[in-house]
Every structure is written in C-alpha cells, then in structure tokens.
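Numbering (full-length UniProt numbering), first residue to last: 1 to 101. Every residue, glycine too, gets a C-beta built ideally from N, C-alpha and C. Each remark here refers to the structure printed beneath this line.
And the structure:
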C-alpha cells in the first residue's frame, strides 16, 4: 500500500508532455532529482524557520523576565460566566440532516 502511495506522489513531479516524450529511465531520473530537491528545500526551510524562531523566543523570555521558569496561570474567581438568556429571535434553527456531525 505504501508503494502505491509513493508511486502516485511520483506523478506530481512530472508534466504530461514528459510522460509522452521521455523514456522510463529519464522519467525515473527526473523524479529522483525532483524528490532530492524537495527534500533539500524542506530541510533548508525547516532550518531557516528554526533560526527565525530562536531570536523571537529569546526576546520573549527576556521581555517576560523568565528564562524558562514556568509560572502558574492566574485563576479568575469572578463569576463573569453567569448564564444569560438568549431570545428566540436571536436563534436560527438549521434544518436538514438529523445525524450529528
């Protein structure tokens, strides 16, 4: 099953004209080169993303004054989430399928 998925993904590297004009070995070589390029690009993008995140994390830690120390969250004891009444004119009943999603 995995081989079928890989083969299907391989076709995304090819153009229709290539399928008509190139032989099998040329197509395989093209797929191999494009896969390697995608892997390199992905590795470079991940590496760049990590480098971009590091300064932001460091600045955030310095700004907050903690260098990795975890602080508990504040618990709000106010009763701001009291139940409220919603008038029937503000409610839109959707009709259709009866099964839950």
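What does a CB cutoff of less than 8 Å around residue i pick up in its chain, not counting 5 residues either side in sequence?
| i | result |
| --- | --- |
| residue 27 | 14, 18 and 19 |
| residue 48 | none |
| residue 30 | 13, 14, 18 and 22 |
| residue 24 | none |
Would you report the Cα separation of residue i and residue j, rounded to the nearest angstrom?
| i | j | result |
| --- | --- | --- |
| residue 45 | residue 70 | 30 Å |
| residue 102 | residue 84 | This structure does not reach residue 102, given that the chain is present from 1 up to 101, and the question cannot be answered. |
| residue 92 | residue 86 | 11 Å |
| residue 34 | residue 88 | 59 Å |
| residue 39 | residue 75 | 46 Å |
| residue 94 | residue 8 | 40 Å |
| residue 11 | residue 90 | 51 Å |
| residue 42 | residue 16 | 25 Å |
Using DSSP with H/G/I as helix, E/B as strand and the rest coil, what is residue i?
| i | result |
| --- | --- |
| residue 22 | coil |
| residue 75 | coil |
| residue 95 | coil |
| residue 87 | coil |
| residue 70 | coil |
| residue 36 | helix |
| residue 14 | coil |
Excluding five sequence neighbours on each side, which residues of the same chain lie with their C-beta closer than 6 Å to the C-beta of residue i?
| i | result |
| --- | --- |
| residue 37 | none |
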